[in-house]
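Novice: Structure in structure tokens, see below.
Residue numbers (the numbering used here): 7 to 322.
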């Protein structure tokens with residue numbers, strides 16, 4: 007029997023290229039075991055069918071996972087026209103088949119037009135959205151009748167990359183909470199033939215616009231051939247996830263006071279949420295500056311207050 011991994015404190019962000027066939031949590035757990043990270047979280051689920059960028063947060067980086075969850079994203083997807091499924095993708099059971107009519111470029115663009123901008127979107131019934139404290143997919147698997155909620159989402163752009171007979175390849179740039187499966191489903195209904203997602207790949211998540219991604223297979227090979235030091239070199243520092251926030255640098259005394267939870271006066275009024283850095287250039291966490299220039303700690307990392315931070319555990 008293989009020895010159980012000895013987990014350790016590890017902080018950083020991994021840009022994983024999630025494979026098809028795994029849930030986001032399954033992919034997270036495989037990566038966490040490879041790195042022997044005590045604590046980990048992902049930044050928004052990808053469907054099992056989907057591949058591509060899944061930022062994983064280890065250790066203190068889990069404190070900013072929610073920020074990445076709400077970021078802009080981009081996807082490439084292939085829609086199959088003429089077939090609807092209960093999951094709105096190729097993993098589901100076929101509900102209805104209709105012939106796909108001949109569609110020219112103008113007709114396709116006209117059908118896509120209502121899906122751009124700020125729109126109301128009905129989530130798939132097989133989704134992780136919760137209703138009564140339970141994911142919709144759990145209710146759907148039990149055969150319960152579900153009224154999937156509508157939400158306001160923003161679709162920044164949809165481009166047609168390829169179009170041939172019953173297949174359309176699209177590039178979608180969208181905001182938080184947008185379901186590409188729902189966009190494809192609604193496109194199919196507008197065209198009068200139905201549609202589902204056959205392929206889905208996430209290209210980037212703000213602020214990781216040109217990500218260097220690592221597959222699980224590449225990470226496994228790296229661990230076996232070069233060891234944990236090579237694995238750790240694949241991690242981005244926590245600061246990489248905070249580049250979208252204004253940077254505020256504090257002197258040693260102010261950093262110490264903020265780390266103890268104190269509020270500080272004398273900063274640029276209404277600066278909003280800022281990433282706070284100490285005198286050594288290390289990020290301490292996030293804070294807010296109100297209309298009166300009062301700096302208040304919002305989410306700090308353990309090292310912001312050295313007196314209470316846990317001691318590092320040496321690697322075994």
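Every residue, glycine too, gets a C-beta built ideally from N, C-alpha and C.
Name the DSSP bridge partner or partners of residue 203?
Specialist: 85 and 95.
Novice: Assuming the contact rule is C-beta atoms closer than 8 Å, residue 202 and residue 109 should be a hit. Round their C-beta distance to whole Å, please.
Specialist: No, residue 202 and residue 109 are not in contact; Cβ-Cβ is about 16 Å, not under 8 Å.
Novice: Rounded to the nearest angstrom, what separates residue 178 and residue 196 at their Cα positions?
Specialist: Near 18 Å, if we compare the C-alpha coordinates of residue 196 and residue 178.
Novice: Would you mind working out which of 281, 183 and 175 sits nearest residue 162, comparing C-alpha positions?
Specialist: Cα-wise, what sits closest to residue 162 is 183.
Novice: Could you give the DSSP three-state label for residue 230: helix, strand or coil?
Specialist: Residue 230: helix per DSSP, three-state reduction.
Novice: Can you tell me which residues form a DSSP beta bridge with residue 305?
Specialist: Paired residue(s): 292.
Novice: Taking just the CA atoms, how far does residue 97 sit from residue 26?
Specialist: Spanning the two alpha carbons is a distance of roughly 11 Å.
Novice: What does DSSP give as the partner residues of residue 273 in its beta bridges?
Specialist: Note: residue 273 sits in no beta bridge, so no partner.
Novice: Would you kindly work out how many angstroms separate the C-alpha atoms of residue 205 and residue 225, rounded to a whole number?
Specialist: Distance between the alpha carbons of residue 205 and residue 225 is about 24 Å.
Novice: So that I know if they touch, is there some Cβ in chain D lying closer than 8 Å to that of residue 25?
Specialist: Among the protein chains of the structure shown there is no chain D, as only one such chain exists.
Novice: Measure from the alpha carbon of residue 276 to the alpha carbon of each residue in 268, 215 and 298, then state which is nearest.
Specialist: Of the listed residues, the one whose Cα sits closest to residue 276 is 298.
Novice: Are the segment 215-229 and the segment 114-123 touching, with three or more C-beta to C-beta distances below 8 Å?
Specialist: No, the segment 215-229 is not in contact with the segment 114-123.
Novice: So, under 8 Å CB-CB, residue 281 and residue 292 are touching, yes? Tell me the CB distance rounded to an integer number of Å.
Specialist: At roughly 6 Å, the Cβ-Cβ gap stays under 8 Å, so residue 281 and residue 292 are in contact.
Novice: From this set, 53, 111, 57 and 70, which residue's C-alpha is nearest residue 46's C-alpha?
Specialist: It is 70 whose Cα lies nearest to the Cα of residue 46.
Novice: Alpha carbon to alpha carbon, how far is residue 124 from residue 304? Give it in angstroms, no decimals.
Specialist: Using only the alpha carbons, I get a separation of about 30 Å.
Novice: Could you tell me the alpha carbon to alpha carbon distance between residue 251 and residue 81, rounded to whole angstroms?
Specialist: Whole-angstrom Cα-Cα distance: 24 Å.
Novice: Between which two residues does the alpha helix (DSSP H) containing residue 33 stretch?
Specialist: Element bounds for residue 33: 30-41.
Novice: Count the other CB atoms, across all protein chains shown, that sit within 10 Å of the CB of residue 285; report buried if there are 16 or more and exposed otherwise.
Specialist: Label assigned to residue 285: exposed.
Novice: Return helix, strand or coil for residue 281, following the three-state DSSP convention.
Specialist: Residue 281 falls in the strand class under three-state DSSP.
Novice: Just to confirm, are residue 127 and residue 185 a CB contact at a threshold of 8 Å?
Specialist: Their beta carbons are under 8 Å apart, which means residue 127 touches residue 185 by this criterion.
Novice: To the nearest angstrom, how far is it from the Cα of residue 51 to the Cα of residue 28?
Specialist: Computed Cα separation, rounded: 11 Å.
Novice: DSSP beta-bridge partners for residue 61?
Specialist: Bridge partners of residue 61: 21.
Novice: Closest to residue 63 by C-alpha separation, out of 91, 270, 107 and 33, would be which residue?
Specialist: That would be 33, whose Cα lies nearest to the Cα of residue 63.
Novice: For residue 246, which residues of its own chain have a beta-carbon under 7 Å away from its beta-carbon, when the five flanking residues on both sides are left out?
Specialist: The residues are 19.
Novice: Could you tell me whether the Cβ atoms of residue 5 and residue 290 are closer together than 8 Å?
Specialist: What the structure shows of the chain is the stretch from 7 to 322, and residue 5 is not part of that stretch, so it cannot be assessed.
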